[in-house]
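Chemist: Per the working numbering, the sequence shown starts with residue 3, numbered consecutively.
Virtual Cβ for every residue (Gly too), placed ideally from N, Cα, C.
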Amino acid sequence: MTLDFLVTDSLHIYPVMSNPLPRPMIIDTDGGVDDALAIVMALNSDHIDLKAITVLAGNIDVHQAAKNVLRVINIVGLEAIPLVAKGCTKPLVNPPFNAAGIHGSDGLGELHQFKNADGSPRYPALTTEPSTEDAIEVILKTAEEYGNDLTIVALGPLTNIAMALEKDRTTLQKVGRIVIMGGAVKVPGNISAAAEFNFFVDPHAAQMVMESGIPLTLVGLDVAMKAPLVRSDVEAYAQKNPSQVSQFIVDCTGIYMAFYRDNEGFHGCYLHDPLAVGVAIDSSLVSTESVYMVVETDGKFTAGMSLADLRDRRDEVNSPPNVDACLEVDTERFLKLFYDLIQP
Ligand code: BDR
Ligand code: CA
């Protein structure tokens, strides 16, 4: 948002935001449940000019992930739809590792189980196909075209971004910022005691991106786990606001939320990827600290751990800050944005 001017009254001074032009953006995603909710938000936001959705293996294989992205686009039902391009089928070095146990075997909560009143499938097979263009080419082409104006929002493992860096570092370095859902700075991991899922799946890619020199905002578990979506709230919302989108959100989150109910003691889920889109829209939702961060690639117990050097006597010359790590979030304001952007 651009800050236009300050308005004052007797008690407050507060910024007034202009109606900004939509910002060119790419979403890079591994096609899971929270990715789907994030894409709904991005498609509905006036602040985002979504140039492409690039897809990779993570929560689910890349082909299913691309189908899931096309499903979301179909449900939101916009006329102008972004390009969808497939990229990496596996991490740079490690073997593939998915989260089908949490997101469902289709990555979207087993959508085939839902039927209409007449018994027909609520989510019939789609006829749309992803582009034949390669995701890495799409990322580089868009970086070249929009340069500093382009934000990439990375919602999965960082393999596509690392491959783009490897192929043409100079061009990728033109982008203004990468907002990354990944890592954990002051809190434990989720897939292991040390690591957050996206960094765990491809720690080598995450470390390459840390060293890229590109401005990075890290939306890690420190803030993502302060942004819960409660099952009963989303069901009440869908009842009050019946639409294809609200029905889809209730359906696709069922299995995902049951995982949290059974394993984390609350019936709902964390809005990891939606929060990254929220931060890309409005950075004032979070407070950040600039830190020097590395990602452990080999540790027997710590692979995928994002390690921020938080020492006072850190060597600023050899370890300059490379990441703006989000540490606090205005949950209420973020949830308002989330509900605003899932409106049809
Ligand atoms: C991340 O892991 C994935 O399963 C989610 O989609 C999110 O991007 C949270 O750790
Ligand atoms: Ca994801």
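Taking only runs of the alpha helix (DSSP H) that begin and end inside the stretch 182 to 255, which ones reach a length of at least 4 residues, in chain order?
Modeler: Within the stretch 182 to 255, the complete alpha helix (DSSP H) runs of at least 4 residues are 199 to 203, 205 to 212, 223 to 226, 233 to 242, 246 to 254.
Chemist: Let me know the secondary structure DSSP gives Glu291 once reduced to three states.
Modeler: Translated into positions along the sequence shown, residue 291 becomes position 289. Reduced to three states, the DSSP call for Glu291 is strand.
Chemist: Among the candidates Val64, Ile83, Lys69, whose CA atom is the shortest distance from the CA of Ile28?
Modeler: Counted from its first residue, the sequence shown places residue 28 at position 26. Answer by Cα proximity: Ile83.
Chemist: Between which two residues does the beta strand (DSSP E) carrying Met43 extend?
Modeler: The residue given as residue 43 occupies position 41 in the sequence shown. Looking at the DSSP string, Met43 is not in any beta strand (DSSP E); the run it does join, the alpha helix (DSSP H), is 35 to 46.
Chemist: Should Thr31 be labelled buried (16 or more other beta-carbon atoms within 10 Å of its own) or exposed?
Modeler: Walking along the sequence shown from the start, residue 31 turns up at place 29. With 16 or more other Cβ atoms within 10 Å, it is buried.
Chemist: Could you pull out every residue in the same chain whose Cβ sits closer than 7 Å to the Cβ of Ser133, ignoring the five residues on either side in sequence?
Modeler: Position 131 of the sequence shown, counted from the first residue, corresponds to residue 133. Only Leu85, Val86, Ala87 meet the Cβ criterion.
Chemist: Mind checking which residues open and close the alpha helix (DSSP H) that includes Leu142?
Modeler: Indexing the sequence shown from 1 puts residue 142 at position 140. Counting along the chain, Leu142 sits inside the alpha helix (DSSP H) bounded by residues 137 to 148.
Chemist: From Lys69 to Ile62, what distance separates their C-alpha atoms?
Modeler: The sequence position of residue 69 within the sequence shown is 67, counting from 1. The sequence position of residue 62 within the sequence shown is 60, counting from 1. Rounded to whole angstroms, Lys69 to Ile62 spans 11 Å at the Cα level.
Chemist: Cβ-heavy atom distance between His274 and ligand 1 below 6 Å?
Modeler: Here the question's residue 274 lines up with position 272 in the sequence shown. For ligand 1, at least one heavy atom lies less than 6 Å from the Cβ of His274.
Chemist: With C-beta atoms as the reference, is Leu223 less than 7 Å away from Val181?
Modeler: Taking the sequence shown and counting its residues from 1, the one referred to as residue 223 is at position 221. Taking the sequence shown and counting its residues from 1, the one referred to as residue 181 is at position 179. Going by C-beta atoms, Leu223 is not nearer than 7 Å to Val181.
Chemist: Per the DSSP calculation, Thr130 is bridged to which residue(s)?
Modeler: The count along the sequence shown starts at 1 and reaches residue 130 at position 128. None, per the DSSP bridge assignment.
Chemist: Cβ-heavy atom distance between Leu231 and ligand 2 below 6 Å?
Modeler: Counted from its first residue, the sequence shown places residue 231 at position 229. No, since every heavy atom of ligand 2 falls outside the 6 Å radius drawn around the Cβ of Leu231.
Chemist: By Cβ distance, which residues of its chain are closer than 8 Å to Gly301, with the 5 residues on each side in sequence left out?
Modeler: Taking the sequence shown and counting its residues from 1, the one referred to as residue 301 is at position 299. Excluding positions up to five away in sequence, the list reads Ala196, Met307.
Chemist: Going by the DSSP bridge assignment, what does Ser308 pair with across the sheet?
Modeler: Translated into the one-based positions of the sequence shown, residue 308 becomes position 306. As DSSP reads the structure, Ser308 sits in a beta bridge with Val297.
Chemist: What did DSSP end up calling Leu152 once you bin it into helix, strand or coil?
Modeler: Reading the sequence shown from its first residue, position 150 is the one you call residue 152. In this structure, Leu152 counts as coil in the three-state DSSP scheme.
Chemist: Starting from Leu337 and walking both ways along the beta strand (DSSP E), at which residues does that stretch end?
Modeler: Working through the sequence shown from its first residue, we reach residue 337 at position 335. Premise fails: Leu337 lies in the alpha helix (DSSP H), 333 to 343, not in any beta strand (DSSP E).
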